[in-house]
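Counting with our numbering, you get residues 4 to 216 for the letters of the sequence shown. Here is the structure we will look at.
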Amino acid sequence: MVGPLRRAVHALCGALRPGFAFWVAVLSLVRLSEGILIRITEKGEVAGGPGFDDPLGLLAACHERIEGHCVTLLRLREHVRMHGFDANAQAAAGRVHHYFAEAGRWHHEDEEQDLAPLFNRHAKDTLRAVFARLMAEHKALEAAYAPLAQALVALDPKPHDLPVEPYVTLIRAHIVAENSQILPAARSLLGPAEIERLGQAMAARRGVNRVRL
Ligand SMILES: [Fe+2]
Ligand SMILES: [Fe+2]
C-alpha cells in the first residue's frame, strides 16, 4: 500500500508540475506516514517460500515469521508506551496474536507430533536429549505468551507497558537452537519418504489437501 501511494504522488508531480517546494512538502508527509506505518508493520509475511514438499524448509520459514513477529512486538511495545492501543496498534496486535494463537500452535504440533518420532528414529542420544528439551520448552513458551496474549486481546487504549518479555527472549533463543541443532540434523537424517510423510502431516493439520508432487 505504501509503494503505490508513493508512485501515485510521483506520477502526480510529473503530470501537474506545480511548485517544487509544494511537492517536497507532500513527499515529506508521505515519508512521515510511511514511517509511522512501517514502525509497527510486521516482518516475515512474505508471499512464496517453501511448500509442503519441503516441510523442513517450511518449519524454518515459520521461524523467520516468528522472528518477524518478535520485531513487531518490540515496536508495538514502544508505540503502546506512547499512544496506547490506537487503531494502527490494534491492527498490528491482531495480526501478531492471530499468528501465535493459530499458526504458532500448529508449528509446535508439527514438531512434537510429526517431526519428533521421525527425528528420534535416527538421532543419537545426545541429539535426542536436545530435541526433547526443546519440545518441553513449548509449554514454558505457551505460559510466557499467556499474559501477552491477554494484553493483545484487551487492547487497552491508555499508554502502558506491553508485557512482551520474557516471551520474546525465550522464543528467540528457542528458534535459534532449533535452527542450529535440529533442522540441519533432520535434513541429513530423514529420508525422502519420511520428508514426504512429514509434509503430508503438516498439510493435513492445516486442512490442505496436498497432491503428491
Ligand atoms: Fe519448537
Ligand atoms: Fe520451531
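Using N, Cα and C, we set each Cβ at its ideal position, and we do this for glycine too.
Within the segment 53 to 97, note down every full alpha helix (DSSP H) run reaching 4 residues or more, in order along the chain.
Segments of the alpha helix (DSSP H) lying fully in the segment 53 to 97: 58 to 86.
For L61, collect the residues of the same chain with a Cβ closer than 6 Å to its Cβ; drop the 5 residues on either side in sequence, then sort them by chain order.
As a first step, residue 61 must be located in the sequence shown, where it is residue number 58. The residues P53, in chain order, have a CB closer than 6 Å to that of L61 in the same chain once the five nearest residues on each side in sequence are set aside.
Does ligand 1 have a heavy atom nearer than 7 Å to the CB of E181?
Within the sequence shown, residue 181 is the residue found at index 178, counting from 1. At least one heavy atom of ligand 1 is nearer than 7 Å to the Cβ of E181, so yes.
Ignore the nearest five residues each way along the sequence and tell me which others in A64's own chain have a CB closer than 8 Å to its CB.
Numbered from 1 along the sequence shown, position 61 holds the residue referred to as residue 64. Cβ within range, chain order: G52, P53.
Put G202 into one of helix, strand or coil per three-state DSSP.
Taking the sequence shown and counting its residues from 1, one reaches residue 202 at position 199. Three-state DSSP puts G202 in a helix.
Assuming the contact rule is C-beta atoms closer than 8 Å, R200 and W109 should be a hit. Round their C-beta distance to whole Å, please.
Position 197 of the sequence shown, counting from 1, holds the residue named residue 200. Position 106 of the sequence shown, counting from 1, holds the residue named residue 109. Contact between R200 and W109 fails: their C-beta atoms lie close to 17 Å from each other, not under 8 Å.
What alpha helix (DSSP H) runs, 4 residues minimum, are completely inside the segment 116 to 185?
Segments of the alpha helix (DSSP H) lying fully in the segment 116 to 185: 119 to 125, 128 to 157, 170 to 180.
Taking the alpha carbon of N123 as the point to measure from, which residue in L186, A176, P162, A92 has its own alpha carbon closest?
Taking the sequence shown and counting its residues from 1, the one referred to as residue 123 is at position 120. Ranking the options by Cα distance to N123, first place goes to L186.
Less than 8 Å separating the beta-carbons of A157 and L165?
Start at 1 with the first residue of the sequence shown, and residue 157 comes out as number 154. Start at 1 with the first residue of the sequence shown, and residue 165 comes out as number 162. No, these two residues do not count as a Cβ contact at 8 Å.
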